[in-house]
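With our numbering, letter number 53 in the sequence shown gets 56, and the count goes up by one each step, no holes.
We put the CB at the ideal spot given by N, CA and C, even for glycine.
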Amino acid sequence: MREPATTAPAKQPSPPSRWSVYMVRTATGLLYTGISTDPLRRLRQHQSGKGARALRGKGPLTLAWQQEVGEKGAALRIEYRLKQQPKSFKEQLIHSPELWQNWSPQWLPAPAKT
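Dropping the structure here:
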């Protein structure tokens, strides 16, 4: 006699990932901008040489700034705009958290045309 087929329990949808934008400072003071769901894990990857090629051999590396932004698409858009900004703007953002509090897509200045 055949046993009735059992169905696997329905998988619960996993909560949406919370993406962050972060900046890593190199030993020479350069700033690298990236995105991750876990900036501290990503920093460890960069430090071990398994992260971005741009950071290899540039240590010691420190996490200079991070901000949770929600969805991956938002993180990618913000990362793109931040990478276009001069270092002076990024330093302001790092040292003045209130700048982020007022952030909106219109607030972030468009990059200067060259």
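Ignoring anything shorter than 4 residues, give me the alpha helix (DSSP H) runs that lie fully in the stretch 47-111, in order along the chain.
75-86, 90-98 and 100-104
Could you compute how far the alpha carbon of GLN88 sits from the alpha carbon of GLU101?
In the sequence shown, the residue the question calls residue 88 occupies position 85. In the sequence shown, the residue the question calls residue 101 occupies position 98. Going by the C-alpha atoms only, they are around 18 Å apart.
How would you label LEU96, buried or exposed, when you count the other beta carbons within 10 angstroms and need 16 or more for buried?
Counting from 1 along the sequence shown, the entry for residue 96 is found at position 93. Buried, by the Cβ-count rule.
For a test of the three-state rule: what should DSSP assign to ARG28, helix, strand or coil?
Taking the first residue of the sequence shown as position 1, residue 28 is located at position 25. In the structure shown, ARG28 sits in a strand (DSSP, three-state: E or B).
Quick one: what's THR36 bridged to in DSSP?
Locating residue 36 in the sequence shown gives position 33, where the first residue counts as 1. MET26, per the DSSP bridge assignment.
Can you grab the Cα-Cα spacing for the pair ALA77 / GLY60, in whole Å?
Working through the sequence shown from its first residue, we reach residue 77 at position 74. Working through the sequence shown from its first residue, we reach residue 60 at position 57. Looking at the two C-alpha atoms, the distance is approximately 30 Å.
Suppose contacts are defined by Cβ-Cβ distances below 9 Å. Is SER20 in contact with PRO42 by that definition?
Within the sequence shown, numbered from 1, the residue matching residue 20 stands at position 17. Within the sequence shown, numbered from 1, the residue matching residue 42 stands at position 39. Going by C-beta atoms, SER20 is not nearer than 9 Å to PRO42.
Check whether LEU58 and TYR25 have beta carbons under 9 Å apart
Position 55 of the sequence shown holds residue 58. Position 22 of the sequence shown holds residue 25. Their beta carbons are not under 9 Å apart, which means LEU58 does not touch TYR25 by this criterion.
Which class does THR117 belong to by DSSP, given the choice of helix, strand or coil?
Taking the first residue of the sequence shown as position 1, residue 117 is located at position 114. With a pLDDT of only 49 at THR117, under the threshold of 50, the placement of this residue in the model should not be trusted; the figure read from the coordinates follows. Note: THR117 maps to coil in three-state DSSP.
Same chain, Cβ closer than 7 Å to VAL1, five either side skipped, listed in chain order
The question about residue 1 has no answer, for the chain in this structure spans 4 to 117.
Should TYR83 and ALA55 be called a contact, given that it needs their Cβ atoms to be closer than 9 Å?
On the sequence shown, residue 83 is found 80 positions in, with the first residue counted as 1. On the sequence shown, residue 55 is found 52 positions in, with the first residue counted as 1. Not a contact, by the Cβ cut-off of 9 Å.
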